[in-house]
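Under the numbering used here, the first residue of the sequence shown carries the number 1066, and numbering increases by one thereafter.
Beta carbons are placed, not taken as given, at the ideal position from N, Cα and C, and that holds for glycine.
For reference, the structure discussed in these notes is given below.
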Amino acid sequence: MSAIIVLTIGPVQSYISQARRTQDLWQGSRILSYLASAGVHHALSQQEHGLAEVIYPSMKRDQTDNIPNRMVIRWKGDEDGAKQCAKEIEHAIRGTWRTLSANTMRYFTESLQQDELENVLGIWQRQENTWLECYWVVVPENPALSYSENMQHANATMGARKLLRNFPHIEEHGRKGSITGEHEALRSTGDYVSFWNDRKGEQRNLALLGKHERLSAISTIKRFAHEKKADNDALQFPNRLPSTSSIASASFRYDVLRILDRQDVDVSNLRHTLQAYIKALLTLFKKPSDLFFTQNGYSNPEYFGLIEQTISESTLHDELVKHFRSIDGDFLFEDTLISKTIEEYSGQIPNAKQMRNVQQALSDFLKAASALDIPRPQPYFVILSMDGDHMGKTLGNLDQGQHEKFSRTLADFARHNVKNIVEEEHLGRLVYAGGDDVLALLPVRHALQVAEQLRSEFEKVVATIGVKNHKGEPVTASTGLVCVHHTHNLQDAVNAANNAQKIAKDYYGRNALDVEFLRRSGEPRSMGHKWRRDNETTFNHIDKLVHAFGDDLSRNLPYDLAQIAYKMTAVSVSYDARKAELLRILKRRLSEDKKNGVDDLLKSILWLVKEPQSAFIHDILILVENSPSNLTEEIHALFGMAQGELISLRDAIKREVNKKSEKPLEVRVVSEINKYLEKRWKTTEAWLELARFIAQTT
1066 MSAIIVLTIG
1076 PVQSYISQAR
1086 RTQDLWQGSR
1096 ILSYLASAGV
1106 HHALSQQEHG
1116 LAEVIYPSMK
1126 RDQTDNIPNR
1136 MVIRWKGDED
1146 GAKQCAKEIE
1156 HAIRGTWRTL
1166 SANTMRYFTE
1176 SLQQDELENV
1186 LGIWQRQENT
1196 WLECYWVVVP
1206 ENPALSYSEN
1216 MQHANATMGA
1226 RKLLRNFPHI
1236 EEHGRKGSIT
1246 GEHEALRSTG
1256 DYVSFWNDRK
1266 GEQRNLALLG
1276 KHERLSAIST
1286 IKRFAHEKKA
1296 DNDALQFPNR
1306 LPSTSSIASA
1316 SFRYDVLRIL
1326 DRQDVDVSNL
1336 RHTLQAYIKA
1346 LLTLFKKPSD
1356 LFFTQNGYSN
1366 PEYFGLIEQT
1376 ISESTLHDEL
1386 VKHFRSIDGD
1396 FLFEDTLISK
1406 TIEEYSGQIP
1416 NAKQMRNVQQ
1426 ALSDFLKAAS
1436 ALDIPRPQPY
1446 FVILSMDGDH
1456 MGKTLGNLDQ
1466 GQHEKFSRTL
1476 ADFARHNVKN
1486 IVEEEHLGRL
1496 VYAGGDDVLA
1506 LLPVRHALQV
1516 AEQLRSEFEK
1526 VVATIGVKNH
1536 KGEPVTASTG
1546 LVCVHHTHNL
1556 QDAVNAANNA
1566 QKIAKDYYGR
1576 NALDVEFLRR
1586 SGEPRSMGHK
1596 WRRDNETTFN
1606 HIDKLVHAFG
1616 DDLSRNLPYD
1626 LAQIAYKMTA
1636 VSVSYDARKA
1646 ELLRILKRRL
1656 SEDKKNGVDD
1666 LLKSILWLVK
1676 EPQSAFIHDI
1686 LILVENSPSN
1696 LTEEIHALFG
1706 MAQGELISLR
1716 DAIKREVNKK
1726 SEKPLEVRVV
1736 SEINKYLEKR
1746 WKTTEAWLEL
1756 ARFIAQTT
């Protein structure tokens, strides 16, 4: 007799995304992983005694990061023994959470008097006791069924269990925390303001708490668990985490370091203006440690693996370079080099003259960099969210050996491939990689290439072990990218990236990419495409356009394409006419010596448009005009194996067929086709705008 245990912990996405700064984001992921690792470690101890087999996840004995929140264990005994094992795993997880919470609380409240402590403890313990979710099911294996059938039954049982969530009645009085908005903020008395002002003043790093931040116990654990005196060793940061501003400006900082690293370039003015800027910045702070990141009295620059690997040791140890790498990205943008930012970091308001001097010094430095062909710091950054397609169905078709092998493969992919691509080959930072799911922060210049590499590597790694999806096709992944300003609300941006990934799956039909460009001013841009079609990739076509904009292609091309979208996207205008108009515009926007490459550019743009040929649209109109009795079925058959955007057109036409309206059906269908064509061309206009935007950073 044996049984399958399936156990999950949470909340996951909401907890991770509830973040005011990147530190919250990383720590939220690490805490969940740390708790999951406690459960897996207990299961592994049972495995060592021959009582169980840990099928998923695969992890090393000392590992505490990038552990998925779900585990699958095969118990080699009766159902009662399996239930006892599940209870012990839950107990290990909850015990680890209580210890982590107690350690952080002790550190955070060490300066409070007994009468102040009482109220804080009441709020803290209430929230600690009700936050963590842990669900498990035990399903005895049916010997008449295959392993995959038993696993499908166990997964279905877990799905049903999660629908019966335990909702404890929580009374959250008073002012809510500024991050979650659902838990009461900590306070010792009714005076939230003085309580949090005192906590901010106690910090060695004044920027650790914002001026108006009021945190719940859950958010406080996230924010302070890494502190050395909190004694949560596994949650201390191995290196400095970059802010969103530092992620956005990483390409600029890297370009400056590469120039400083060269022997064949005169960098005297660049060094001089950088030195003058650092010196001017220091006048705004009481002490250098308020400006520079330090650890144990030494400079502690934000970590980027690519910088560590490609810039020489002599340059990295240069005192000026250390200072340059140890200031936050906020100080490299003119829009955030303001009094409010200085007050946040130093606790004091600078005088106006000093502020003007510093702003002028930054301007001089940026001009010196531009004179050496270094693009200005890019004020936008990208959040990447990737997830495997149909993973539940894929796993449901594997036998136990394949399942365990797949688990090991995903773990290795997360530990090695993902980290190398994001952090060693590019200037990104990984938030988490749980196997097939990835969340990362990236500068604009690197985002599309990282997304393509992760997708390609994931497919390749899974293919090497011979695993196919439930349709017998290669296992794929879908990706969402959101491009936002470095001052954009981080929680909103993470949610947008996860939503973009869902759009890639649900709207574009999986194995797809969706990009959301949330501009600081102007309407958001949305674009998406299948990752691959006809043995060609979306990335290669966009990359061609990026290089074209970087070389000679007019920056006005997206606006020209907008005119096609507004004036020529009608059924009455043929596909060939739109193609000819696009060719005419391209030739006009290219210099004579570049016009020999116009056909290649035309191909890339039309590939992104992915407009149905005129003959197909003609067939739709003929069918609607004849209006057979089974018109809905005929429309479905005509679209055949339509995916992504074409499904939306098919469904829109079917809705019109079934709708009662005074307008003739042919007129309504033509209107839907026109809207579809206009959307396709406007989406491609957005792709061109994105390509132009990326070209500005290179």
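| Check | Outcome |
| --- | --- |
| CB of E1731 within 8 Å of CB of E1698, strictly | no |
| Presumed contact (8 Å Cβ cut-off) between L1356 and I1392, rounded CB distance | 6 Å |
| Under the three-state DSSP convention, the category P1133 falls into | coil |
| Contacting residues, own chain, Cβ-Cβ under 7 Å from L1655 (five flanking each side not counted) | D1617, L1618, V1663 |
| The region 1407-1426 contacting the region 1338-1346, beta-carbon criterion three pairs below 8 Å | yes |
| Sequence-distant residues of the same chain with beta carbon closer than 6 Å to E1517, five excluded per side | F1604 |
| Contact check, L1100 vs I1074, beta carbons under 8 Å | yes |
| Contact between the region 1315-1327 and the region 1110-1129 (3+ Cβ pairs under 8 Å) | no |
| Beta carbon of A1103 nearer than 8 Å to that of Q1111 | no |
| Cβ-based burial, M1066 [other Cβ within 10 Å; buried from 16] | exposed |
| Sufficient close CB pairs (3 or more, under 8 Å) joining the region 1305-1317 to the region 1077-1096 | yes |
| Nearest-angstrom Cβ-Cβ length linking V1447 and L1507, presumed shorter than 8 Å | 5 Å |
| Pair within 8 Å by beta-carbon distance, G1537 and A1562 | no |
| Whether S1364 touches P1442 by CB criterion (8 Å) | no |
| Reduced DSSP secondary structure (H/G/I, E/B, other) of A1068 | strand |
| The region 1157-1174 in contact with the region 1195-1203 per 3-pair CB rule at 8 Å | yes |
| 4 or more residues per run - each alpha helix (DSSP H) lying fully within the region 1223-1298 | 1257-1267, 1282-1289 |
| Cβ-based burial, R1390 [other Cβ within 10 Å; buried from 16] | buried |
| CA-to-CA distance, M1592 to Q1708, given in whole angstroms | 16 Å |
| Three-state class that DSSP yields for Q1301 in the structure shown | coil |
| Start-to-end residues for the beta strand (DSSP E) that takes in F1446 | 1445-1453 |
| Alpha helix (DSSP H) runs contained entirely in the region 1499-1571, provided each spans 4 or more residues | 1509-1529, 1555-1571 |
| Through-space distance from D1395 to Y1410, alpha-carbon basis | 10 Å |
| Beta-bridge pairing of H1594 - partner residues as DSSP gives them | L1578 |
| Beta-bridge pairing of A1751 - partner residues as DSSP gives them | None, per the DSSP bridge assignment. |
| Run of the alpha helix (DSSP H) containing A1209, from where it starts to where it stops | Unbroken run through A1209: none, as it is neither H nor E. |
| Inter-residue spacing [alpha-carbon to alpha-carbon] between D1464 and K1595 | 30 Å |
| Alpha-carbon spacing of R1757 relative to N1207, whole angstroms | 59 Å |
| 7 Å Cβ shell around T1474 - same chain, five flanking residues per side excluded | V1526, V1527, I1530 |
| Residue span of the beta strand (DSSP E) that contains E1198, given as start and end | 1198-1205 |
| Nearest residue (CA-CA) to N1564, options D1452, A1479, V1483 | D1452 |
| 7 Å Cβ shell around Y1241 - same chain, five flanking residues per side excluded | According to the sequence provided, residue 1241 is Lys. The question's Tyr does not apply to it. Correct list, in chain order: E1247, H1248, E1249, A1250. |
| Meets three-Cβ-pair contact criterion under 8 Å: the region 1674-1681 and the region 1738-1750 | yes |
| Distance CB(S1281)-CB(Q1192) smaller than 8 Å | yes |
| Close beta carbons around L1371, own chain, < 8 Å, minus the five adjacent residues each side | Y1319, E1488, E1489, E1490, H1491, L1492 |
| T1285 CB to nearest heavy atom of the ligand MN below 7 Å | The ligand MN is not part of the structure shown, which contains no ligands of any sort. |
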